[in-house]
Amino acid sequence: MKTQLLVLALWSFALNFVQPQNSRLPEGRTSSFLSKHPQLSTLPLGSYAVGFQVFKQYDYGRHFQPKLDFEGKPNPGQSALPIQISMWYPAQANKLKKMLFAEYRYLDAQKNSFKPLSDQEKKDAGNGLKFSAKFGLDLDLSEQQIQNILQSPTAAALNAPKQKGPFPVIIVGVDGGPGTNNVLCEYLASLGYVVLLTPSVAHTGTWQAKQPQLALAERIGNLEYLLAFLRSQPITDSQRVGVLGSNFDGMSALLFQMKNMQADAVASLDGWEGKAGTQESLFQSPFFDANKMRVPYLTFLQDEKNPPPYLQLSKKVLDTLRYADRYYVVLQGMNHACLIGNLGVIPDLTAEKHQAYQFLYTRIGQFFDAYVKKSSEALQLLQKKAVEMAYPADMVKVELQQKALPPVPTPEEFESIVMSGNLEKATQIFVAGKQLNPTLQLFDFQTLNLFSFRFGQQQKKEQVLAIWKLGAIAFPNSTSVMERLGDTYLATGEKLQAKEQFQKALRVLDQDTQLDADTKKRLQSSFNEKLMKLN
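Under the numbering used here, read the sequence shown as residues 3 to 537, first letter to last.
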């Protein structure tokens, strides 16, 4: 597992270390005469001009190095976690000069410290693109080709005057930075979104390989930082939020939503959650709760030639997210580097790659339009297959859509229902949910024990009895539940029912895999003693 994480984390290493107009139309609509993206000529922009602004902040509640080193000497420099925030937004029509692609790549190289770059560091800013082009397209870019790409204009104007807003927001987590995602982010801004992006910093790549739970905790925290930050921007609508995670941050985006449940939709670009060798990191997170993921989920996953076992695609996570509408896509020949490396900026891509990028970006736009803006028109487009939208039949390798089950309560919501005393409703919810999803778990034995204790303290025997009747439905083979239910029947004077529970418990005791030998021996003695008193 460590080796698998290390291989996948090489992308994070590369991204962290290789780098030292138009009037507004009705929301959700575009116009056929609007311009194409200057770096991806097949991608039509939306109805807004695009502005860009960068914020360089520190999270003083989190630190990446101690105040003193192991020798007791002060560590130099800033120890607080740097949070670089790139913001694309709908801008007023203007004649400002468009940013050069190099300006984004310079920001990629500054994300770890915010220090000014030397001339050599600026010259090296395209090295990450060279790495991605070789890995993804088997293309050896010359130094002159890289410099030409760096000097190409983008779709955004730096610090352009903002539209009035408010606009819905997409918060984005990535390994690289604005230079590895500008085309998609500019496109979304042209559709009428404020896009807030924060990259991971150098040490996160090491954690991804060695201690993925630490990396996930930090990246979830960074997305939460963006969620708080957006409220400081008057142009944003905090009630309409989407989340996008790329690579490792596909997992971060899902866990962010499961922890906070504040987004309207979650999208993932070749996230680790879709790979056989890394998806367990998601399941192992203390924040993982598939029942809490009840907003739509879109994922694009890589198409690699002869991938090793740990890079084999897996739908295990997809199948677990039963309470989300799910969209799952694999595009022919769009490998990992193509999906996360921003390779659409390279001139002279094949027609097939141009079509794939156009579908990729417009599909993401349709997804957010459908579920963040609540556009019925976008939803209709989203539910069409690629071939129905005049794309080549062989462009898409896998295209799945799965409908959500009716949502079930979170643990907190279920506890509120139970402790209100409405055990009948709680039982009905569980039984109905279990019929649709046989793997459903809303509580465990210890939770029921806690509920029972609380009602017992209040001398509410009927509620205690209802708790353990629910337990018997949820855990029909648990001798511990049978014991509690039998004891509760005794407390309410229902001796016949108590006797039936103790007899049943004795019959299944040997098969209860949750109990050790000593516990089984103790329970057997206890059940026999209680039955003797009842006979």
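The beta-carbon is built from N, C-alpha and C at its ideal position, and this holds for glycine as well.
Problem set entry | Proximity below 9 Å, CB of Thr449 to CB of Pro411 | no
For this session: Classify Thr301 as buried or exposed, calling it buried when 16 or more other Cβ atoms lie within 10 Å of its own Cβ.
Result: buried
Exercise. In three-state DSSP terms, what is Gln385?
Worked result: coil
Exercise. How would you write the range of the beta strand (DSSP E) that Gln55 sits in, first residue to last?
Worked result: 51-65
Exercise. DSSP on Arg221, reduced to helix/strand/coil?
Worked result: helix
For this session: Assign Pro114 to buried or exposed, taking buried as 16 or more other Cβ atoms, counted over all protein chains shown, within 10 Å of its Cβ.
Result: One point to set straight first is that residue 114 is Asn, not Pro, in the sequence displayed. Per the 10 Å Cβ criterion, buried.
Problem set entry | Arg456 - containing alpha helix (DSSP H), residue span | 447-459
Exercise. Do the segment 293-308 and the segment 322-340 make contact, defined as three or more Cβ pairs closer than 8 Å?
Worked result: yes
Exercise. Rounded C-beta distance between Leu256 and Val243? I'm assuming under 8 Å.
Worked result: Wrong, their Cβ atoms sit about 15 Å apart, outside the cutoff.
For this session: Compute the beta-carbon to beta-carbon distance between Pro180 and Leu199, rounded to the nearest angstrom, for a pair I have assumed lies under 8 Å.
Result: 6 Å
Exercise. Between the segment 57-69 and the segment 93-104, do three or more beta carbon pairs fall short of 8 Å?
Worked result: no
Exercise. Which residues in the same chain as Ile469 place their Cβ atom closer than 6 Å to its Cβ, once the five residues preceding and following it in sequence are excluded?
Worked result: Leu450, Phe453, Ser454
For this session: Kindly provide the ranges of any beta strand (DSSP E) runs that are 3 or more residues long and lie completely inside the segment 134-178, ordered along the chain.
Result: 155-160, 169-176
For this session: Between the Cα of Leu85 and those of Gln443, Gln281, Thr206, spot the shortest distance and give me the residue it belongs to.
Result: Note that residue 85 is Ile in the sequence shown here, rather than Leu. Measuring from the Cα of Ile85, the nearest candidate turns out to be Thr206.
For this session: Determine the direct distance from the alpha carbon of Leu508 to that of Leu442, and round the result to whole angstroms.
Result: 27 Å
Exercise. Going along the chain, which residues of its own chain have a beta-carbon closer than 6 Å to the beta-carbon of Gln59, five neighbours each way excluded?
Worked result: Ile85
Exercise. Span of the beta strand (DSSP E) holding Ser528?
Worked result: First-last for Ser528: 519-536, but that is the alpha helix (DSSP H), not the beta strand (DSSP E).
Exercise. Is the segment 458-475 touching the segment 415-431, taking contact as three or more C-beta pairs under 8 Å?
Worked result: yes
Problem set entry | From Leu139, Met263, Gln357, residue whose alpha carbon lies closest to that of Ser43 | Gln357
Problem set entry | Endpoints, alpha helix (DSSP H) assigned at Pro236 | Counting along the chain, Pro236 falls outside any alpha helix (DSSP H), and DSSP gives it neither H nor E.
Exercise. With DSSP run on the structure shown, which of helix, strand or coil describes Lys405?
Worked result: coil
Problem set entry | Buried versus exposed, by CB contacts within 10 Å (16 or more), Thr238 | buried
Problem set entry | Environment of Asp177 [buried if 16+ CB atoms lie within 10 Å] | buried
Exercise. Do Asn184 and Asn344 have their C-beta atoms closer together than 9 Å?
Worked result: yes
For this session: Assign Asp396 to buried or exposed, taking buried as 16 or more other Cβ atoms, counted over all protein chains shown, within 10 Å of its Cβ.
Result: exposed
Exercise. Using the beta-carbon count (16 or more within 10 Å), is Asp272 buried or exposed?
Worked result: buried
Exercise. Counting Cβ pairs closer than 8 Å, one from the segment 305-325 and one from the segment 271-289, do we hit at least three?
Worked result: yes
Exercise. Which stretch, first to last residue, makes up the alpha helix (DSSP H) that contains Met101?
Worked result: That residue, Met101, is in no alpha helix (DSSP H); its beta strand (DSSP E) goes 100-102.
Exercise. What is the DSSP secondary structure of Glu29, reduced to helix, strand or coil?
Worked result: Because the pLDDT of Glu29 is 36, which lies under 50, any placement of that residue in the model is unreliable, and the number read from its coordinates should be weighed accordingly. Three-state DSSP puts Glu29 in coil, outside helix and strand.
Problem set entry | beta-carbon Asp396 near the ligand HEM non-hydrogen atom, thresh 8 Å | Among the components of this structure there are no ligands whatsoever, and the ligand HEM is therefore not found.
Exercise. If we call anything under 9 Å between Cβ atoms a contact, is Pro92 one with Gly194?
Worked result: yes
Exercise. When we look at the beta-carbon of Met263 and count the other beta-carbons within 10 Å, is it buried (16 or more) or exposed?
Worked result: exposed
Problem set entry | First and last residue of the uninterrupted alpha helix (DSSP H) at Met253 | 251-262
Exercise. Would a C-beta distance cut-off of 9 Å place Ser202 and Asn224 closer than the cut-off?
Worked result: yes
Problem set entry | Bounding residues of the beta strand (DSSP E) (the contiguous stretch that carries Tyr329) | 328-333
Exercise. Are the beta-carbon atoms belonging to Ala1 and Lys436 less than 9 Å from one another?
Worked result: Since the first residue of the chain shown is 3 and the last is 537, residue 1 is not available in this structure.
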